[in-house]
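Engineer: My questions all concern the structure below.
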Amino acid sequence: MYLRKLLGAACLLSASAVIGSQPARADLLYGLSSDSPGTVYTVDTTTGTATAVVAVNGATVTSLVDVTFLNGVLYASDVFGAPGGLDFGTINLVTGAFTGINDQGGSINWHGLAANAAANLMYAVDLNSVGEQLVSVTAGGTITTIGATNHSINDLAYDSATNTLYGVDSGSLYTIDTATGTTTLVGAFGFGTDGRLGLAFDSNNNLFLNVASSGALYSLNLGTGAGTLVGNNGTTDGFGIDGLADANYSPVPEPASTLPLLLLGGLGFGMYRRRLRQAGN
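For the sequence shown, position 20 matches number 42 in my numbering, and the numbering has no gaps at all.
In structure tokens:
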């Protein structure tokens with residue numbers, strides 16, 4: 023009976039320690055500025071403050087860009103001047119090196135880019151195409167046309183919790199059907215922009231909009247589209263941050279949280295040995 027109570031206490035201790043030791047999710051938004059050549063920033067979702075990470079190299083100009091993470095890799099669109107005219111590619115967060123993957127199907131206007139991790143692909147809207155077509159693109163660069171959005175979508179963000187693709191034009195939030203490209207109005211921000219925008223979900227499923235022209239970060243209401251000011255980016259280079267993405271890190275339990283588990287295992291083994299001795303008698 024004593025061992026059973028002790029084992030129960032150890033279970034409670036183990037569970038509470040594991041739950042309590044989980045750190046807050048390490049959530050960082052990354053932004054890319056439009057400039058020559060452009061700079062990657064982190065953006066604080068509580069203050070809006072932007073902090074420079076690395077300057078892009080291997081390309082000469084970033085213009086009306088967007089960024090997204092897929093499988094831990096940062097992808098970017100509308101990055102110009104890379105060898106071979108490859109405007110869609112990856113950016114190394116340590117060195118800033120841009121590695122081109124494709125030429126965006128000949129388009130120079132993929133203003134929005136959003137990853138669907140479950141499908142292992144990304145979405146973009148080709149503003150150079152008739153009907154502003156929604157396209158998908160793989161990590162290897164294969165492009166598939168989905169359907170017309172019939173809107174000048176300036177940025178995209180994918181909600182993995184509801185499997186919903188969101189897009190914005192210069193003043194409103196939309197949902198976009200990933201099977202057809204059809205857009206549905208959610209609502210207006212409540213303020214105007216010039217269309218140089220960054221859009222991203224954080225790991226807590228909050229949607230953020232960065233407005234390059236004013237250098238400000240807003241949160242957007244998913245039900246109404248209304249924007250609420252978070253704060254200003256501060257000093258950034260070029261024309262400001264108009265690409266936004268969530269690194270979406272996963273928390274790792276602290277080593278100390280394993281101690282109760284070891285205790286639990288030891289108690290279980292002790293009880294097992296005692297039962298063997300009793301059975302032998």
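Backbone N, C-alpha and C fix where the C-beta goes; we use that ideal spot for every residue, glycine too.
1. Which residue or residues does DSSP assign as beta-bridge partners of residue 263?
2. For residue 239 and residue 70, I'd like the C-alpha separation in whole angstroms.
3. Straight-line CA distance for residue 305 to residue 265?
4. Would DSSP call residue 209 helix, strand or coil?
5. Residue 169 bridges to which residues according to DSSP?
6. Candidates 172, 100, 105, 106: which alpha carbon is nearest residue 218's?
7. Any idea what DSSP makes of residue 253, helix, strand or coil?
8. Helix, strand or coil for residue 94? Go by DSSP, reduced to three states.
9. Let me check understanding here. Comparing Cα to Cα, which of 81, 85, 82, 60 lies closest to residue 75?
10. In chain order, which beta strand (DSSP E) runs of at least 3 residues are fully inside the stretch 175 to 228?
11. Can you confirm whether the stretch 123 to 132 touches the stretch 143 to 155 when touching is taken to mean that 3 or more C-beta pairs between the two stretches lie within less than 8 Å?
12. Between the Cα of residue 241 and those of 211, 162, 93, spot the shortest distance and give me the residue it belongs to.
13. Could you pull the start and end residues of the beta strand (DSSP E) that residue 243 belongs to?
14. Would you mind sorting residue 54 into buried or exposed? The rule is 16 or more other CB atoms within 10 Å of its CB.
15. Assuming residue 124 is part of the beta strand (DSSP E), what are its boundary residues?
16. Could you give the first and the last residue of the continuous beta strand (DSSP E) run that contains residue 138?
17. Comparing alpha-carbon positions, which option in 66, 114, 184, 130 lies nearest residue 80?
18. Measuring only the C-alpha atoms, how far is residue 178 from residue 222?
19. Compare the Cα-Cα distances from residue 111 to each of 164, 51, 152, 244 and report the closest residue.
20. Excluding five sequence neighbours on each side, which residues of the same chain lie with their C-beta closer than 7 Å to the C-beta of residue 82?
21. Whole angstroms are fine: how far does the CA of residue 139 sit from the CA of residue 252?
Structural biologist: From the atom records:
1. Residue pairing for residue 263: DSSP places it in a beta bridge opposite 55.
2. Just so you know, the alpha carbons of residue 239 and residue 70 end up roughly 5 Å apart.
3. Since the displayed the chain opens at 23 and closes at 303, residue 305 lies outside it and no answer follows.
4. Here residue 209 sits in strand by DSSP.
5. For residue 169, which the question treats as bridged, DSSP gives the partners 156.
6. Among 172, 100, 105, 106, the Cα nearest to that of residue 218 is on 100.
7. Three-state DSSP puts residue 253 in a strand.
8. If DSSP states are grouped into helix, strand and coil, residue 94 belongs with coil.
9. In this structure, 60 is the residue among 81, 85, 82, 60 with its C-alpha nearest to the C-alpha of residue 75.
10. Annotation: the stretch 175 to 228 contains the following complete segments of the beta strand (DSSP E) (minimum length 3 residues), in chain order: 177 to 181, 186 to 190, 194 to 198, 205 to 210, 219 to 223.
11. Judged by pairs of C-beta atoms under 8 Å, the stretch 143 to 155 touches the stretch 123 to 132, as three or more such pairs exist.
12. Selected option, being the one with the closest Cα: 211.
13. No beta strand (DSSP E) holds residue 243; DSSP gives it neither H nor E.
14. Buried is the label assigned to residue 54, since at least 16 other Cβ atoms lie within 10 Å of its Cβ.
15. For residue 124, the enclosing beta strand (DSSP E) has its first and last residue at 120 to 124.
16. Start and end: 132 to 138.
17. With distances taken between Cα atoms, residue 80 lies closest to 114.
18. One C-alpha to the other measures close to 7 Å.
19. It is 164 whose Cα lies nearest to the Cα of residue 111.
20. If you ignore the 5 residues before and after residue 82, its C-beta comes within less than 7 Å of the C-beta of 58, 59, 102, 103, all in its own chain and listed in chain order.
21. Answer to the nearest angstrom: the Cα atoms are 27 Å apart.
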